[in-house]
Amino acid sequence: MAFLFGRKSVPTLPIPDSLKVATSVKPETEKSLLTVTQLSRVLRCGSRDISSGRHRVGLYRFLADNLPVVSACVSTWARLSSAPGDFYFEETTGTRDEKRALKCLADLSKRLYHGSRGNPGSLVTFLTDLFTGLFRDGVYGGFVVVKKDGSGVDDFISVDAADLSVTTENNRHRLSLELDDGRLDLNRSDFYYIPMNGDTCRPLGKSILQAVPFVAYIEQQLVDDMRRSSHNSGYHRLHVKVTPPERMAGEADEAYVDRINGYFDSTVSMIKSCQVDENPVTWDNVSIEYVGPDNVRAVTNSWFVNHRGMIEEICAGTNLAPFLLGYSYGATTTWSSFKFDLVMRQVKSVQSQVAAFLEWIGNIELALAGFDRRCRFKFDNNFAYQADERARVESTRVDSLLKLYQAGLIDRSSAREVARKLI
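So this note's numbering is basically just the index in the sequence shown, starting at one, shifted up by 5.
What follows is the structure, encoded as structure tokens:
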């Protein structure tokens, strides 16, 4: 994502009560929107260290980048939410003007976002970055910029969530962008932000990782303890003890020491050269013992159970079922499908916020292009494995509609209206 900081001057651009994106308000809309060059005069690229109030975002990003289970949780949420979607009109007329408007929105989807790579990106790339930042940081926002000739939307420039702050003035929250030389008031019509689980106490939303750091610390401590324990015990080893032979009568001290060392060296050489399918052969003054835990399986199972409990706590902290990350312990297909449906309901609730945001951009594009229409955006969350079930549901709805019409409970026009929605 392209993060912008700093400024030279701050234009006063109050947000109107309602942004009417029709042809009649096009001049007013053009005045409140800026081009990339104009916005660059207000903002400048820079960097800041994490200061008070921003450490949480830095911590969440560290966890998402370094802990595999947390990274998997964020990626799973983002990928589930980044379903393909399209702009559409609720009331279609099939006219040439409507086709031109749809083509205008299709072109917008192809050029909407450039991101940190600088290359033009499609709506798919934009949604992936958007949902990743939203779930990880708890908020996503940025500026919409227009073309130099004012004929349409040029790009959406995102800001670093760590630089967003909220101040209270006259018992009202005001959103600001923390810059190197001050603050930029975001009470302006070209800025839009999406909070995750935002409320009156947390206008900037809450990251899904808010409940994870403490449990993640315990999980990592458990892994480190297991690492040190395994390092100390090592692999299964053999401890070879050689008992010195008795001293012969009249044997000199030097000769006795040489004989003991000879026995020891020959035993060591024999053990080192012993292959996997060979057995050591020694005198009865050599004993071979096993070094390691008495019950290896019990120790391993105990660590596995404890670590699994920590992993499930992290998954639960991110509002995911463990089976979605491969931690499925004997779950039946029906139970797994039920839990997946619960997750998809949460995904749709988040997608509704993003759909409203995309409709805001799409309506601006239509207004600047001279179309007096308002668009909608819809995500396609259908999956191939649900095709049969969805077909059965639609068939049941059609049969019920025909029975209602044949029974005289609804007239022909009402039946056609319901059937049109089923198509």
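Where a beta carbon is used, it is the ideal one built from N, C-alpha and C, also for glycine.
Expected contact under 8 Å - CB spacing of residue i and residue j to nearest Å
i, j, result
"Gly138", "Tyr198", "Rounded, the Cβ-Cβ distance is 11 Å, inconsistent with contact."
"Leu68", "Leu180", "With a Cβ gap of about 25 Å, Leu68 and Leu180 do not count as contacting."
"Ser212", "Tyr65", "5 Å"
"Asn324", "Gln351", "7 Å"
"Val74", "Leu330", "7 Å"
"Phe148", "Asp185", "Wrong, their Cβ atoms sit about 18 Å apart, outside the cutoff."
"Asn311", "Thr248", "With 8 Å as the limit, Asn311 and Thr248 do not qualify as a contact, their Cβ atoms being about 42 Å apart."
"Ala167", "Gly63", "7 Å"
"His119", "Asp154", "Contact doesn't hold; Cβ gap of about 19 Å is too wide."
"Leu406", "Ala420", "6 Å"
"Glu364", "Phe345", "Incorrect: roughly 28 Å between the Cβ atoms, too far for contact."
Exposure of residue i, with buried meaning 16 or more beta-carbon neighbours within 10 Å
i, result
"Ile55", "Model confidence at Ile55 stands at a pLDDT of 39, short of 50, so the residue's coordinates are unreliable; what they give is reported in the following sentence. Exposed, since its Cβ has fewer than 16 Cβ neighbours within 10 Å."
"Met253", "exposed"
"His244", "exposed"
"Ala326", "buried"
"Glu251", "exposed"
"Gln226", "exposed"
"Ala412", "exposed"
"Asp404", "exposed"
"Gly267", "exposed"
"Gly143", "buried"
"Cys320", "buried"
"Pro429", "Because the chain spans 6 through 428 in this model, residue 429 falls outside it and cannot be assessed."
"Glu224", "buried"
"Ala260", "exposed"
"Val286", "exposed"
"Ala257", "exposed"
"Arg193", "buried"
"Asp134", "buried"
"Leu414", "exposed"
"Leu347", "exposed"
"Arg105", "exposed"
"Arg233", "exposed"
"Arg425", "exposed"
"Phe362", "buried"
"Phe131", "buried"
"Phe140", "buried"
Opposing strand residues paired with residue i [DSSP bridges]
i, result
"Leu406", "Paired residues: none, contrary to the question."
"Phe382", "Phe92"
"Leu227", "Answer by DSSP bridge pairing: none, since Leu227 is not bridged."
"Phe196", "Phe148"
"Asp190", "Ser181"
"Ile293", "Val245"
"Leu39", "Val150"
Same chain, Cβ closer than 6 Å to residue i, neighbours up to 5 away in sequence not counted
i, result
"Phe136", "Ala83, Ser86 and Ser87"
"Gly370", "In the sequence on display, residue 370 carries Glu and not Gly. Cβ within range, chain order: Leu113, Gly157 and Val158."
"Arg379", "Asn368"
"Pro208", "Val171 and His178"
"Gly203", "Gly210"
"Ser292", "Lys246"
"Leu38", "Val151 and Asp195"
"Ser76", "Ala69"
"Glu294", "His244"
"Phe459", "Here the chain has residues from 6 to 428 only, and residue 459 is not among them."
"Val423", "Leu406"
"Thr97", "none"
Close-in-space but distant-in-sequence residues of the same chain around residue i (CB under 8 Å, 5 per side omitted)
i, result
"Arg402", "Leu427"
"Arg417", "Tyr410"
"Ser400", "none"
"Asp102", "Phe376"
"Ile265", "Pro249 and Pro250"
Sequence-distant residues of its chain with Cβ nearer than 7 Å to residue i (five each side left out)
i, result
"Thr172", "Arg179 and Ser181"
"Trp110", "Rather than Trp, the amino acid found at residue 110 in this sequence is Leu. Within the same chain, Leu110 has close Cβ partners Phe92, Gly367, Glu370 and Cys380."
"Gly322", "Ala216, Val217 and Val220"
"Phe384", "Ala88, Gly90, Gln356 and Ala360"
"Leu128", "Ser114 and Leu117"
"Leu191", "Leu180, Ser181 and Leu182"
"Lys353", "Asn386"
"Gln280", "none"
Uninterrupted beta strand (DSSP E) stretches inside the region 148-177 (no shorter than 3 residues) = 158-163 and 169-174
ask   = What residue ranges within the region 59-108 form continuous alpha helix (DSSP H) runs of no fewer than 4 residues, ordered along the chain?
value = 60-71 and 73-86
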